[in-house]
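Numbering (my numbering) for the sequence shown: 43 to 199. Note that CB positions come from ideal geometry on N, CA and C, so glycine has one too. In what follows, a structure is listed as structure tokens, so that the remarks can point back to it.
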Amino acid sequence: MIDKQKGNKHKGCEGELYAMWDACSKGYIVAKTIESDLFSYDFIMDDGEKLYRVEVKTRDSSRRSSSTGKMFNDRVVFKSQFKTNCGYTKKYGFVDWFVCYCSKWNKIAWIKRENMNGDVTIYKQDFEHLQLPINNKLNDLCLINEEGKSKKQECLF
């Protein structure tokens, strides 16, 4: 019998896959790292000119109010650093983009590293404004016609 509850590892993988799909759908090439815990990022994103290291943070619950103890249902909080079980603080200094995925709402937000200081609170309505820009650089290099044949010789694929 399969347990219907998702573990943290499963939730994290779900967020990573959703983020990679989102990047691919916007014209980027992505490559998953073999062991993301060693590199402090989850995947690499290529826009045709530069590689970006991407860290995905997944949350499925809202934040509890410190004064009342009640749950907020309109926001989630993502941490840009955390302490591991052995006390090591992971700061993600080499990450270019953070992807914040809320599995409860199935929403994703892209935040540049310089805008991710400490804890970041994202309201449900703000996810729509924090999106990865569409990349036309790779699309311009490789135009595919209806028969699936490349129109340009510079095609990367």
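- For residue 158, the secondary structure class from DSSP, reduced to helix, strand or coil, is coil.
- Taken through DSSP and simplified to helix, strand or coil, residue 91 comes out as coil.
- Here the region 65-72 makes contact with the region 87-94; the two share three or more CB pairs at distances below 8 Å.
- With respect to residue 83, residue 137 sits close: the two C-beta atoms are nearer than 8 Å.
- Here residue 151 is bridged, per DSSP, to 142.
- Across the set 139, 143, 145 and 169, the C-alpha of 139 shows the shortest separation from the C-alpha of residue 157.
- Between residue 85 and residue 75 the beta-carbon gap is near 6 Å, inside 8 Å, which marks them as a contact.
- Pairing residue 118 with residue 53, the inter-Cα distance amounts to about 15 Å.
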